[in-house]
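Quick note on numbering: this note's numbering labels position 12 of the sequence shown as 107, and the sequence is numbered without any gaps.
All residues carry an ideal CB built from backbone N, CA and C; glycine is no exception.
Predicted model, so just to flag it, every value in this text is computed and none were measured.
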Amino acid sequence: MRLLDLLRKSTESLEAAGIEDALPDAEMIVLHALGTERLDAYVNNPEMGTADAAKIKRLIQRRRKGEPVQYITGSVAFLELTVQVGKGVLIPRPETELLVEEVIKTIKSEELRARSQDKTTGAASCDSRLTPHATLSVLDLCTGSGCIALALAKEFPDAEVYGTDVSKEALAYARKNAKINSIQNATFLQGSLFMPVNDRKFNIITANPPYIRRDELDTLQREIRDWEPMDALDGGEDGMDFYRQILSSAGEHLNPGGCMFLELGYDQSEEVKKIAGAEGFKDVAVMNDYAGIGRVMKAGR
Ligand SMILES: C[S@@+](CC[C@H](N)C(=O)[O-])C[C@H]1O[C@@H](n2cnc3c(N)ncnc32)[C@H](O)[C@@H]1O
Numbered sequence: 096m097r098l099l100d101l102l103r104k105s106t107e108s109l110e111a112a113g114i115e116d117a118l119p120d121a122e123m124i125v126l127h128a129l130g131t132e133r134l135d136a137y138v139n140n141p142e143m144g145t146a147d148a149a150k151i152k153r154l155i156q157r158r159r160k161g162e163p164v165q166y167i168t169g170s171v172a173f174l175e176l177t178v179q180v181g182k183g184v185l186i187p188r189p190e191t192e193l194l195v196e197e198v199i200k201t202i203k204s205e206e207l208r209a210r211s212q213d214k215t216t217g218a219a220s221c222d223s224r225l226t227p228h229a230t231l232s233v234l235d236l237c238t239g240s241g242c243i244a245l246a247l248a249k250e251f252p253d254a255e256v257y258g259t260d261v262s263k264e265a266l267a268y269a270r271k272n273a274k275i276n277s278i279q280n281a282t283f284l285q286g287s288l289f290m291p292v293n294d295r296k297f298n299i300i301t302a303n304p305p306y307i308r309r310d311e312l313d314t315l316q317r318e319i320r321d322w323e324p325m326d327a328l329d330g331g332e333d334g335m336d337f338y339r340q341i342l343s344s345a346g347e348h349l350n351p352g353g354c355m356f357l358e359l360g361y362d363q364s365e366e367v368k369k370i371a372g373a374e375g376f377k378d379v380a381v382m383n384d385y386a387g388i389g390r391v392m393k394a395g396r
């Protein structure tokens with residue numbers, strides 16, 4: 096059987112099992128199993144061996160049972176990183192890339208401002224902590240696969256980046272992801288929120304915490320509900336437990352002039368902004384995703 100025949104059969108099998116994105120999923124699985132580039136598959140349509148066909152059949156069976164395609168292929172692209180994922184770790188989402196882009200934008204603009212202030216007034220404002228001469232320090236809470244921490248560590252190789260998470264499995268992925276992406280300036284620590292960093296302070300704190308309301312957990316797509324870790328999703332009764340905990344302690348862990356970045360659930364921006372204001376954060380701003388939903392909150396100290 097040729098590759099494209101196998102792809103057609105695999106797509107039909109996924110469709111019959113009610114999988115929504117049957118063709119792209121089948122394509123990802125077939126190309127991953129064969130280690131073949133998409134162009135090569137469509138141009139050369141090679142003949143398949145029986146061992147390859149059997150391997151693909153096994154992987155397609157896993158997808159038919161609802162396992163996310165990213166767990167089956169074992170990795171996902173996140174900005175310029177390859178992030179390995181599997182059972183026990185949340186699959187990084189495109190909206191989280193927005194958070195990283197906002198952090199990068201902020202750090203770069205602060206650096207520029209700091210440079211010009213250095214030259215003109217030498218002012219020791221918050222920005223001076225982000226000058227090229229000082230070490231930029233970043234803490235990523237609820238780090239999971241390490242995608243946020245590692246993307247920032249890669250962009251700022253002189254920065255000291257820390258990621259914390261309660262999950263041993265997730266941290267094993269984060270450390271592996273540092274290795275496969277050749278990133279040396281990220282350290283991953285196990286423990287709840289700020290606990291592993293004691294009273295240390297940072298220039299930037301980021302978090303994509305669990306934020307799904309408890310009564311919504313059952314309504315999630317089965318790929319998420321039955322496969323991704325519940326500890327990565329459950330944000331408590333109103334979905335706000337982690338925002339309250341993080342924002343009530345973040346002030347003690349931010350250098351003056353530091354910034355906090357939080358990913359938000361689709362309807363949480365107003366409530367999280369209120370909490371940030373009540374906790375003494377200033378310049379609170381929410382950035383929208385491509386669908387116009389408030390997704391990233393930035394708050395200063
Ligand atoms: C929504 S996932 C985010 C993972 C990753 N940062 C990302 O953006 O893909 C939330 C993470 O929070 C972790 N978590 C749950 N409770 C925690 C706690 N008390 N302290 C630290 N991390 C926690 C989970 O293990 C999970 O990895």
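Worksheet entry | Buried versus exposed, by CB contacts within 10 Å (16 or more), residue 257 | Counted from its first residue, the sequence shown places residue 257 at position 162. Answer is buried; the Cβ neighbour count reaches 16.
Worksheet item: Relative to ligand 1, is the shortest distance from any of its heavy atoms to the C-beta of residue 236 smaller than 7 Å?
Response: Translated into the one-based positions of the sequence shown, residue 236 becomes position 141. Checking the Cβ of residue 236 against ligand 1 gives yes.
Fill in: 8 Å contact criterion, which residue 243 and residue 253 should meet: CB distance rounded
In the sequence shown, counting from the first residue as 1, residue 243 sits at position 148. In the sequence shown, counting from the first residue as 1, residue 253 sits at position 158. Incorrect: roughly 18 Å between the Cβ atoms, too far for contact.
Worksheet item: Hey, would you say the C-beta of residue 191 is under 7 Å away from at least one heavy atom of ligand 1?
Response: Position 96 of the sequence shown holds residue 191. Correct: residue 191 has its Cβ closer than 7 Å to ligand 1.
Worksheet entry | residue 276 vs residue 245 beta-carbon contact at 8 Å | Translated into positions along the sequence shown, residue 276 becomes position 181. Translated into positions along the sequence shown, residue 245 becomes position 150. Contact: yes.
Discussion item. Between the alpha carbons of residue 374 and residue 273, how many angstroms are there, rounded?
Written reply: Looking up residue 374 in the sequence shown gives position 279. Looking up residue 273 in the sequence shown gives position 178. In a straight line, the C-alpha of residue 374 is about 33 Å away from that of residue 273.
Practice prompt. Would you tell me roughly how many angstroms separate the C-alpha atoms of residue 148 and residue 354, rounded to the nearest one?
Written response: Residue mapping note: residue 148 aligns to position 53 of the sequence shown, counting from 1. Residue mapping note: residue 354 aligns to position 259 of the sequence shown, counting from 1. For residue 148 and residue 354, the distance between alpha carbons rounds to 51 Å.
Discussion item. Is the separation between the beta-carbon of residue 126 and that of residue 303 shorter than 8 Å?
Written reply: Looking up residue 126 in the sequence shown gives position 31. Looking up residue 303 in the sequence shown gives position 208. No.
Worksheet item: Can you tell me whether residue 378 is buried or exposed, with buried defined as 16 or more other CB within 10 angstroms of its CB?
Response: Translated into the one-based positions of the sequence shown, residue 378 becomes position 283. It is exposed - the Cβ of residue 378 has fewer than 16 other Cβ atoms within 10 Å.
Discussion item. Following a CB-centred definition, is residue 288 positioned closer than 7 Å to any heavy atom of ligand 1?
Written reply: As a working note, residue 288 is residue 193 in the sequence shown. Yes, since a heavy atom of ligand 1 falls inside the 7 Å radius drawn around the Cβ of residue 288.
Worksheet entry | Simplified DSSP assignment, three categories, for residue 237 | Counting from one through the sequence shown, the residue named residue 237 turns up at place 142. Coil, per DSSP.
Item to complete: Sort 179, 231, 98 by Cα distance to residue 267 and report the nearest one.
Response: Taking the first residue of the sequence shown as 1, we reach residue 267 at position 172. Ranking the options by Cα distance to residue 267, first place goes to 179.
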